[in-house]
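Down below is the structure, laid out as structure tokens.
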DNA sequence: CCGCGATACTTTGTATCGCAAAGTTCGAGC
DNA sequence: GCTCGAACTTTGCGATACAAAGTATCGCGG
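Protein chains in written order, with our numbering: chain S, 21 to 148; chain E, 21 to 148.
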């Protein structure tokens with residue numbers, strides 16, 4: 021049941037449509053992996069350092085992620101210098117893990133098919 | 021020069037600079053995964069079907085991959101309709117697996133860090 | 001108090017690149 | 001011979017990643 025999208029997968033076994041473009045981008049993948057490791061949130065500067073991004077680059081990607089509801093940016097309301105604290109939302113975390121699952125599929129596919137390939141190409145996907 | 025990269029990795033643990041932009045693109049990742057599974061090569065039409073790509077799109081990505089020496093495209097020399105047979109080169113296969121290794125690192129990192137995160141966020145602010 | 005530099009964030013411009021629609025060539029069928 | 005269709009190829013548009021430059025605030029020294 022509920023194999024509607026699997027139908028497409030069956031027709032196009034290597035399409036990997038589940039690879040969200042929003043998350044798949046290297047910089048954003050880095051950011052999200054960082055944030056997963058720090059559920060209490062990370063500052064702008066910390067993210068910049070961890071992911072080796074320039075200011076503008078980081079800002080742009082954070083904007084994208086925030087507009088998608090994947091991260092939330094809260095500015096410290098105190099009188100001191102307002103530092104943005106970036107956190108991963110629940111939906112964002114779920115979406116991230118969903119993406120990771122697809123990545124694992126890619127890796128498993130590659131590994132399994134490589135096994136077959138190394139043994140010998142018996143029949144090259146005759147039917148599916 | 022190459023050691024500098026490791027140094028950078030140490031400073032920026034989540035940068036994942038090893039994620040080759042050429043391979044990381046979804047369509048090309050699909051193509052390479054397909055080709056890994058079919059060392060005898062695949063035709064233009066087969067790749068189009070497997071990866072669910074349009075003609076122009078497929079052509080463009082094959083161009084990119086070929087110019088990088090990742091795949092080789094050989095046209096059937098027979099008198100019949102010349103069909104391009106695309107194969108993964110040895111260098112391409114190596115590069116692909118190198119990329120996959122980095123992907124695995126991402127997944128492992130995420131999984132490990134998630135373990136810590138799932139235990140519980142002990143204190144909201146890391147440093148006071 | 002006022003300038004000076006540093007830090008945190010934002011804006012803007014460019015160059016790249018993914019994507020698909022249209023074009024071209026070749027073979028098969030009528 | 002002409003048409004239809006499949007296999008490629010070309011072209012143009014739109015999105016976006018990237019970084020350089022700009023703005024605002026804080027802390028320090030005069």
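Every residue, glycine too, gets a C-beta built ideally from N, C-alpha and C.
* Kindly list the residues whose CB is nearer than 6 Å to the CB of residue 99 (chain S), restricted to its own chain and excluding five residues on each side of it in sequence; keep chain order. => Bear in mind that the predicted position of residue 99 (chain S) carries a pLDDT of just 49, short of 50, making it unreliable; the figure below should be weighed with that in mind. So no residue of the chain qualifies.
* Asked: Would you report the Cα separation of residue 41 (chain S) and residue 92 (chain S), rounded to the nearest angstrom?
  -> When rounded, the distance between both Cα atoms is 19 Å.
* Taking Cβ positions, are residue 35 (chain S) and residue 50 (chain E) nearer each other than 8 Å? -> Less than 8 Å divides the Cβ of residue 35 (chain S) from the Cβ of residue 50 (chain E).
* Asked: If the cut is a Cβ gap below 9 Å, which residues of chain E does residue 56 (chain S) touch?
  -> Chain E residues near residue 56 (chain S): 129, 130, 133, 134, 137.
* Asked: So, using beta-carbon positions, are residue 79 (chain E) and residue 103 (chain E) closer together than 8 Å?
  -> Judged by their CB atoms, residue 79 (chain E) and residue 103 (chain E) are not nearer to each other than the 8 Å cut-off.
* Asked: With DSSP run on the structure shown, which of helix, strand or coil describes residue 62 (chain S)?
  -> Of the three classes helix, strand and coil, the one that applies to residue 62 (chain S) here is strand, per DSSP.
* Taking Cβ-Cβ distances shorter than 7 Å, what residues in chain E pair up with residue 155 (chain S)? -> Any question about residue 155 (chain S) goes unanswered here, given that chain S covers just 21 to 148.
* From the DSSP output, in three-state form, read off residue 55 (chain S) for me. => Assignment of residue 55 (chain S) by DSSP, reduced to helix, strand and coil, places it in the helix class.
* To do: Please report the residue range of the alpha helix (DSSP H) in which residue 74 (chain S) lies.
  => From DSSP, residue 74 (chain S) is part of no alpha helix (DSSP H); its letter is neither H nor E.
* Would you report the Cα separation of residue 56 (chain E) and residue 115 (chain E), rounded to the nearest angstrom? -> About 12 Å.
* **Buried versus exposed, by CB contacts within 10 Å (16 or more), residue 74 (chain S)** => Result: exposed.
* Asked: Of all the CB atoms in chain E, is at least one closer than 8 Å to the CB of residue 44 (chain S)?
  -> True, the Cβ-Cβ gap to chain E drops below 8 Å.
* Min CB distance residue 50 (chain S) to chain E below 8 Å -> Among the residues facing chain E, residue 50 (chain S) is included, as its CB has a counterpart in that chain under 8 Å away.
* Express the C-alpha separation of residue 108 (chain E) and residue 59 (chain E) in angstroms, rounding to a whole number. => Roughly 7 Å between the two C-alpha positions.
* Collapsed DSSP secondary structure at residue 104 (chain E) in the structure displayed -> If DSSP states are grouped into helix, strand and coil, residue 104 (chain E) belongs with the strands.
* Kindly indicate if chain E contains any beta-carbon less than 8 Å away from that of residue 103 (chain S). => Taking Cβ atoms only, chain E never reaches closer than 8 Å to residue 103 (chain S), which makes this a no.
* Asked: Do residue 94 (chain E) and residue 71 (chain E) have their C-beta atoms within less than 8 Å of each other?
  -> Not a contact, by the Cβ cut-off of 8 Å.
* Residues bridged to residue 91 (chain S) (per DSSP) -> Here residue 91 (chain S) is bridged, per DSSP, to S:108.
* To which residues of the same chain is residue 133 (chain S) closer than 7 Å at the C-beta, ignoring the five residues directly before and after it? -> Within the same chain, no residue comes within 7 Å of residue 133 (chain S) by CB-CB distance, once the 5 residues on both sides are set aside.
* Asked: Short check: CB of residue 39 (chain E) to CB of residue 106 (chain E), under 8 Å?
  -> No, these two residues do not count as a Cβ contact at 8 Å.
* To do: For residue 130 (chain E), count neighbouring Cβ atoms within 10 angstroms of its own Cβ and tell me buried if that reaches 16, exposed if not.
  => By the 10 Å Cβ count, residue 130 (chain E) comes out buried.
* Determine the chain E residues that contact residue 69 (chain S) at a beta-carbon separation under 9 Å, and present them in chain order. => What residue 69 (chain S) touches in chain E, judged by beta-carbon distance under 9 Å, is 31, 32, going in chain order.
* Helix, strand or coil for residue 81 (chain E), going by three-state DSSP, please let me know. => The DSSP-derived three-state label of residue 81 (chain E) is helix.
* Asked: By a C-beta neighbour count over all protein chains shown, 10 Å radius and 16 as the cutoff for buried, is residue 112 (chain E) buried or exposed?
  -> Looking at its Cβ environment, which holds 16 or more other Cβ atoms inside 10 Å, residue 112 (chain E) is buried.
* How is residue 86 (chain S) classed by DSSP in three states: helix, strand or coil? -> Residue 86 (chain S): helix per DSSP, three-state reduction.
* To do: Using 10 angstroms around the beta-carbon of residue 126 (chain E), count the other beta-carbons present and answer buried if the total reaches 16, otherwise exposed.
  => Buried: at least 16 other Cβ atoms inside 10 Å.
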